[in-house]
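Q: Got a structure for you, written out below as structure tokens; questions coming shortly.
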Amino acid sequence: MKSAFALLLLATTLTAHAQQTPAVPAPAPMPRDKTQQSPRLNPATSDRAEHLSDQMTHDLRLNGYQAARLRAINTDKITKLEAVERQYAKDPDQLDKQSKAIAHERDQELQAVLSTDQYTDYFDARKRYAQADRNYSRNASASILVNSVQNPAPARSNNATIAPTPTKSKQPARRGDEPFGRTLRQ
């Protein structure tokens, strides 16, 4: 009796196991499309990446596909570089090390996008591009400071600004100027 019960239990277990569908692994996350601008970028970062990309596109004579890929790569690397610049602002050695790692990443990604001649031209001009990026970054941050001093943001949450009050005309209202076509009886 015990063996019959054990045999029945074994048969139901095997049947239940056979009827189960195999587990489907979770789909891998979609890789981020680097040709689209990231929503987290502030305008200064995107301007910095656009400036560098424009210069490189012109110098290296890139086609449309290459230019789009270059813009995506530069946007990603400039975003990383700005985060590193903020994080290691007081540690120049670590900043230099991290900046070189980001530049190495850019080199590897660009090697897959550029032709051999274009990559050679890029590799020879890397220091010039890095210097141009640093100069643009310094000038952009200075212009942001000047703009914030000249055009301060409103201090109140309702975006109120300080400005002269508009002057109202002191001419008497003419007939027909009444709102909604109503006439006022005097």
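Residue numbers for the sequence shown follow the working numbering, beginning at 263 and rising by one.
Cβ coordinates follow ideal geometry from the N, Cα and C atoms, glycine included.
If we count Cβ pairs, one from each stretch, closer than 8 Å, do we get three or more for the stretch 364 to 381 versus the stretch 326 to 344?
A: Touching, yes.
Q: Output the boundary residues of the alpha helix (DSSP H) element that contains Y384.
A: Residue mapping note: residue 384 aligns to position 122 of the sequence shown, counting from 1. Run containing Y384: T378 to D386, per the alpha helix (DSSP H) assignment.
Q: Out of L343, A394 and A363, which one is the CA nearest neighbour of D316?
A: For the purposes of this step, residue 316 is identified with residue 54 of the sequence shown, where counting begins at 1. Closest option to D316, Cα to Cα, is A394.
Q: Do A311 and T337 count as a contact pair if the criterion is CB distance below 8 Å?
A: On the sequence shown, position 75 is the one that residue 337 refers to. On the sequence shown, position 49 is the one that residue 311 refers to. Yes, the Cβ-Cβ distance between T337 and A311 is below 8 Å.
Q: How should S313 be labelled, buried or exposed, when 16 other C-beta atoms within 10 angstroms of its C-beta is the threshold for buried?
A: Counting from 1 along the sequence shown, the entry for residue 313 is found at position 51. One detail in the question is off: residue 313 reads as His in this sequence, not Ser. Flag for H313 reads buried.
Q: Which term fits K339, buried or exposed, when burial requires 16 or more other beta carbons within 10 angstroms of its beta carbon?
A: To locate residue 339, count along the sequence shown from 1; it is residue 77. So K339 counts as buried.
Q: Give me the Cβ distance between L322 and Q380, rounded to the nearest whole Å; I'm assuming they're in contact under 8 Å.
A: Translated into positions along the sequence shown, residue 322 becomes position 60. Translated into positions along the sequence shown, residue 380 becomes position 118. So it is a contact: roughly 5 Å between Cβ atoms.
Q: Suppose the cutoff is 7 Å on Cβ atoms and the five residues either side in sequence are ignored; what does the same chain contact list for K342 look like?
A: Counting from one through the sequence shown, the residue named residue 342 turns up at place 80. Answer for K342: I364, listed in chain order.
Q: What is the rounded straight-line gap between the Cα of E344 and the Cα of T382?
A: In the sequence shown, the residue the question calls residue 344 occupies position 82. In the sequence shown, the residue the question calls residue 382 occupies position 120. Going by the C-alpha atoms only, they are around 26 Å apart.
Q: Have a look at V346 and P354 and give me their C-alpha separation to the nearest angstrom.
A: By one-based count along the sequence shown, residue 346 stands at place 84. By one-based count along the sequence shown, residue 354 stands at place 92. Approximately 11 Å between the Cα atoms of the pair.
Q: Just how far apart, CA to CA, sit Q328 and T319?
A: Walking along the sequence shown from the start, residue 328 turns up at place 66. Walking along the sequence shown from the start, residue 319 turns up at place 57. Approximately 8 Å, taken between the alpha carbons.
Q: Rounded to the nearest angstrom, what separates L357 and A387 at their Cα positions?
A: As a position in the sequence shown, residue 357 is number 95, starting the count at 1. As a position in the sequence shown, residue 387 is number 125, starting the count at 1. Taking the straight line from one Cα to the other gives about 21 Å.
Q: Please go through the same chain and pick out, in chain order, the residues whose beta-carbon is closer than 8 Å to the beta-carbon of A392, but skip the five residues on each side of it.
A: Walking along the sequence shown from the start, residue 392 turns up at place 130. Correct list, in chain order: A365.
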